[in-house]
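Take a look at the structure below.
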Ligand SMILES: Nc1nc2c(c(=O)[nH]1)N[C@H]1C(S)=C(S)[C@@H](COP(=O)(O)OP(=O)(O)OC[C@H]3O[C@@H](n4cnc5c(=O)[nH]c(N)nc54)[C@H](O)[C@@H]3O)O[C@H]1N2
Ligand SMILES: Nc1nc2c(c(=O)[nH]1)N[C@H]1C(S)=C(S)[C@@H](COP(=O)(O)OP(=O)(O)OC[C@H]3O[C@@H](n4cnc5c(=O)[nH]c(N)nc54)[C@H](O)[C@@H]3O)O[C@H]1N2
Ligand code: SF4
Ligand code: SF4
Ligand code: SF4
Ligand code: SF4
Ligand code: SF4
Ligand SMILES: [Mo]
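Shown next as structure tokens:
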């Protein structure tokens, strides 16, 4: 039986339209938050004892997702040789770029002096993991831009070549973000050697989920059987990634609790059984892990289920960095426990719950990502996929061994 | 602002650079003289500390021309302060190093200001935040007149002159206010019926005669004679049938909360000029019985009777002590005050030189440094003191040599300055009760009014004041004299009183372990005279305050530690400002009435001597042994007893907030029939002044003059001066043709001008000495201070040199002319004394050097007089509630109401004892306005031991309402419409004795910028932070007989702060 | 499709530009960014403070320490080694140091350099309270320094950990790194933004109103003028105790020492063998906070 013809599609306009519409709404809504930060100098619920919160978590989340997506993509494509995702490359790179820019925007809001951010490039101190983070982030952005450009121009050698730089850079970026927290001896909860590893796992999980989602929404193979197959395959990998991720979290838990360094185990206890237990148990574990696992395991044929699983995972995943960042800060050093009542101010407290402004800024960041993505897709990738579709030699058969299908161009 | 550099460059001397030191400090001056300074580095001026592109700035706060010395008033300690002016604004306050409150030892007085300026003294956080009181946006600038009912907080601002005129001339002043359309308010002019110095003098004498009458019969006759004699003038009296109520002028009452020297002279002059006897302070809310018991202890025996006691108290010389037992004294958070007392104690504690014990139901910060904490039950001080007295007496741990000395000569012989009446013989009545001391002449011994002691079993006469006939008596005497008179020595009476219970019983009553009592008494008596008991409000503010204080002070007498270095001390005195040296006699008050009559608070006179005597119980209490009864001023007006009052001035007080059951004052103040005219002087709309008809704005403590005086732990002779250091917030007014800010003094000057009061205006102090500007009094007073008390000027301070004179003017360049005008100031005192005035003001007052405080181990300015262990006068005074005489010796007295009943009914169902305490960051109504203090403790709570909370099923942090038998609804009735519940959050702490709860003073305000007020039609919004926390005074018990007043000590006058029992109701 | 030569050149030059940018950045940062503290003879201060105040047998320790300070300032900065000794036995928990520091450095709400931690132990009647004032420890091995991405904070030759507010980007990384919570961030809040609003303005007003002038005054930190009311630094910056460097310059002790009513706070030069602080740390078994972290604080506690 002849395999059905594979066709690249370029007419999935509604996808980026949704992206555009959602993005613009997010921008509009989120602008209130940005206004509050920039004009009212509302710095959210952050304080000096919990100096980092939702924004840093959102940054980490976006970068994880971005790197995880890129690395996952390479792994799926080159190592695991998943078929049907080759042509998703530019979409992924574009999404990655947007995520990086949104992350920058959000973290910029977090700075006391955002307009001095350039100093981090010019007057960098490389003893700080943050410097590495900033540099790697910037470097990565440049790389991705070049890669995107290469994709658009089909410079495959360059793309391959770039991949060799990209992979270590991505690993380094994740590692550095892990180190950003891990080197802080003052915060025992963070100060775990396993943290970068855990971060890496997390980023792969999130990235894979996002690849699945992008595949479902933007794959030029949509509507063809290989599209469905690829989706299922991705779902399977995602399931494994989640399981490995769980294992890593478990290991992290053991490593944190086992030596019973009070500050660490207390923070962990605070995390698991404190006032925000629901963020771990309900949001992260139930909604973000178990439900997707179940969906992926039991309904792997349903695209809707796969999409739901991926969406759930991607959207709840922000809890993971949040639950790394905050418990590390929110547990007072026992010796200084009285410091909160020594000088009372809302910003000198261990109780941190992100406020509306913070959420709005994050929404704005997502708006930036989505809008950018939509606009760039429209301007740069629409044509690209259209062209692609017109080039018979790019038929998927080349890599799948399936019969070459008549392309639209050919049929014309 | 004036440019610093330009203005000083002329008068520069080498000293100038000492101030700033490096280039930074001296700014432009420094820069131009870098070479001379030899500062290393070629340029230096930039990036001296930090290299970046931002230019360096000189540290102007260390420059002498930006420094003014004054005295704090964020609490009554009045520490010396150094105000640092930055671009015309006071932005920093530190301690004045010349002033012994902030540096130990303080800088020598002769130190040049240039040399002193780099030295900062230490002051408490409230002191440093003081500038926020002064710059508080809620401050008043103009006179406010009530536009709604009293307490409704609706105001209009009116011109100063209008305010003065309306108060003086009266009329239908509040015709616009609902219900007052037809109310005619009597003005001061009308109330001041008697304006005849000569007539008032004669009447005063005749009233005195009425009081001195031997019987009511005679008294009635004298009253009749009086009425005949002054038949033409009876309309000038409050009540012709009771001429001893005095003239109608007495219906003007002038009260105050916190009033210090200079201003007090002004206020008393003002009251006297109006011919009223009623000038009353707030002592009894503070630690009245501490003052008045010590006054009774310090009465001297002259001409056969006891008089002349000083209103003061003794404290420990913590600087040199080996052991101190602190009783209800909150040294590190309150007292007078943390900066001066802490520095005099911590070094000894750390080095082990000093050991302390603390008796307090609450584990205070002080207790955290103590060797032993005695967590006594509130109100049981008399039991604890009597327990220790018993142990000390029975174990021979007292200073027998000291106690044996029966007169001055004997004291001197045994190297003491003071002596007690421990050995004097007291007549024991048939009922077994001690009466008067036996006069020697009754036994045919001695001369004149000599008294009697037993020496080796034989009675001998003793002249207590003799300097050449020493008499050492027997300590314990219980005997019958030859004529059969049963006598006991004072000490014997004490022993008897202490044996009323066994040690174990006393321990049980006070709730302290017997062994702890003994250990403490042992330690107290193990350090010779370098040990003492230092007490404060804790024992004093009870219905038995007088006897608690007497018990503890008696213990000190047993130690014989008075005037000893390391023992018990009094203040080293204050330099005179009123002209004792003869420079300017500021006491002179030509042309005034002789005020006479019973005071509105019935003090200083025996009930029985007055024409109001009508048996027992009296309608309200009488206070022959106390004065300044804060709790009496307004409630007596409410009861119109002894007479109705028509106009009340209230300066810097909030009795509504400060008093226990202060809400009873609100009810009276709100009633225009009980009090027709009420004028307050405040810096803002306060918790008391909000009920006034008129509020005259005042200058804050940073904008005004005052003589802060001293405290009883300050061994040096001193006189700190409060002086204007910033431009005033209130606008200027014009009085006697002179411009000055609207303030307390200008209010009085304005009224004096309007009413043509004697002692104001032209020749107020005598020929050529006017009082037209407030500076006329203050600058002359400072001239007196500088001149000293010797007529020949031999005790005057040096002249300020030219450099100092230049500094003087420079440092005041930001003050407007209505405040500082060099020409005007110089002309007030005259050129001759001017440099001395500048010398004093450049140092923030006059201070003796530290090493002068003690001479040969004893106070240089010590007490050196008789100490009344037994008080004949007290024993002869009758309790106006019960008709019983008061005990004359330290003894145990339970908590009682005016009728002598223990309030067990009020305790029923209310099993938590309520006390209150101070926290370092707040002071009554004065500091809630200071943002810098708020983070230290944004609100108070109800402190409770978790054990009690558990028992009552209450949770940490839970909101609870405080209710008591006399305030079952647990709230403050603020107006008809508004009640403020006493709700606070529970704070669990092991620092509270179980069964006792406490709250910190200074929170729970309902004015002072905490609520919205309407002024000239604009709503000025209050800040909720200022209303934070709970103020539970309204839960404190009212007396069951004198219902509109809190419980009180009938002898020493103290109000009861720590006797109430309450219930906590979850809110 | 293979890469054309032109394209390859483009790509490599792009990558090259990236590398060059890195290299340039690193170099530039070595040249420009490295904090260079003033050192050497230029930092000698010949202060005459207290020269005319005769030394007495019994002096307030404040005077003794101030004399020692003057002596230390006569040495170049690199020869000074400032330390603080806090005698908790003398600390009465009064918070004068906390407020003094807030006032001196014009700290806005939520910024504090020296809180005094109060702890309660035990059960009635066996209870105790402990007070621990907590300035910056000026760690010898400060974990807050290496984490700064922009070299805005560093250790001076005299041992004080400094922040250059003009460089700090406000990332608050150092806040997370300091185990003592000694750094707080200036979130731009003001005292008295909302006090007595609603009244009339202008000369005829009855109630003062407006913002109090003290709230607008610039601070003198690091001997420069920092005017928060203009909106710039130190708003948005990390802030911390600097041992009152600006006062040391003119011969004055840190405010928390001068205003310590218990005289529990000692300050001086550890390199001066005769200094009081040296005497104290040798005589007593002094402790440091969280010694296991290896930060080597230069603030010592006598307990
Ligand atoms: N719960 C509780 N209550 C207490 C105490 C306690 O320990 N616990 N302690 C008691 C003691 S010891 C005392 S002394 C009293 C004090 O009681 P008060 O003397 O009545 O109180 P103050 O706070 O000194 O003064 C209050 C009024 O003065 C105003 N004021 C402030 N500064 C100035 C000024 O410069 N000029 C003028 N004209 N007015 C000014 C304030 O706005 C306020 O209206 O409180 C007593 N109340
Ligand atoms: N921070 C601050 N300082 C102040 C003031 C202020 O308002 N705030 N006000 C100043 C004034 S006006 C005054 S009068 C002084 C007051 O100075 P203090 O009298 O030293 O201060 P209080 O806190 O009123 O102290 C009362 C103490 O008595 C304890 N106590 C309560 N009941 C009993 C009892 O039955 N027996 C014994 N033995 N102790 C008991 C309380 O727990 C408390 O520790 O403070 C002055 N200094
Ligand atoms: S103790 Fe009282 S007078 Fe002294 S500085 Fe503090 S508030 Fe001012
Ligand atoms: S205490 Fe904190 S801020 Fe200070 S030097 Fe050490 S780590 Fe840095
Ligand atoms: S907040 Fe400022 S000083 Fe701290 S790490 Fe960030 S840039 Fe450096
Ligand atoms: S040394 Fe100066 S900056 Fe540091 S805590 Fe003390 S007062 Fe504040
Ligand atoms: S000022 Fe001194 S006594 Fe007061 S809290 Fe600070 S260190 Fe302790
Ligand atoms: Mo008081």
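Protein chains in written order, with the working numbering: chain A, 24 to 435; chain B, 1020 to 2086; chain C, 182 to 484. We treat Cβ as the ideally placed atom computed from N, Cα and C, and that holds for glycine. The structure presented is a predicted model; accordingly, all values stated were derived computationally and were not measured.
Would you give the residue range spanned by the beta strand (DSSP E) that residue i belongs to?
i                       : result
residue 1522 of chain B : Unbroken run through residue 1522 of chain B is the alpha helix (DSSP H), 1522-1529; no beta strand (DSSP E).
residue 1134 of chain B : Per DSSP, residue 1134 of chain B belongs to no beta strand (DSSP E); it is in the alpha helix (DSSP H), 1132-1135.
residue 1165 of chain B : 1162-1165
residue 1498 of chain B : 1497-1499
residue 1751 of chain B : 1751-1754
With 16 other CB atoms within 10 Å as the buried threshold, where does residue i fall?
i                       : result
residue 317 of chain A  : exposed
residue 1095 of chain B : buried
residue 1182 of chain B : buried
residue 170 of chain C  : Nothing about residue 170 of chain C can be read from this structure; chain C reaches only from 182 to 484.
residue 479 of chain C  : buried
Check whether the Cβ atoms of residue i and residue j sit closer than 8 angstroms, and answer yes or no.
i                       : j                       : result
residue 1147 of chain B : residue 440 of chain C  : yes
residue 1100 of chain B : residue 1085 of chain B : no
residue 1330 of chain B : residue 1310 of chain B : yes
residue 146 of chain A  : residue 331 of chain C  : yes
residue 209 of chain A  : residue 419 of chain C  : no
residue 365 of chain A  : residue 298 of chain C  : yes
residue 1973 of chain B : residue 1979 of chain B : yes
residue 392 of chain A  : residue 122 of chain A  : yes
Can you tell me where the alpha helix (DSSP H) holding residue i begins and where it ends?
i                       : result
residue 382 of chain A  : 379-399
residue 263 of chain A  : 248-280
residue 1853 of chain B : 1853-1860
residue 1557 of chain B : 1556-1559
Distance, Cα to Cα, residue i vs residue j?
i                       : j                       : result
residue 276 of chain A  : residue 290 of chain A  : 11 angstroms
residue 1755 of chain B : residue 1644 of chain B : 41 angstroms
residue 1164 of chain B : residue 2034 of chain B : 9 angstroms
residue 295 of chain C  : residue 1292 of chain B : 53 angstroms
residue 1604 of chain B : residue 1598 of chain B : 5 angstroms
residue 1502 of chain B : residue 1462 of chain B : 7 angstroms
Worksheet entry | Complete runs of the alpha helix (DSSP H) confined to the region 114-184 of chain A [at least 4 residues] | 142-145, 152-176
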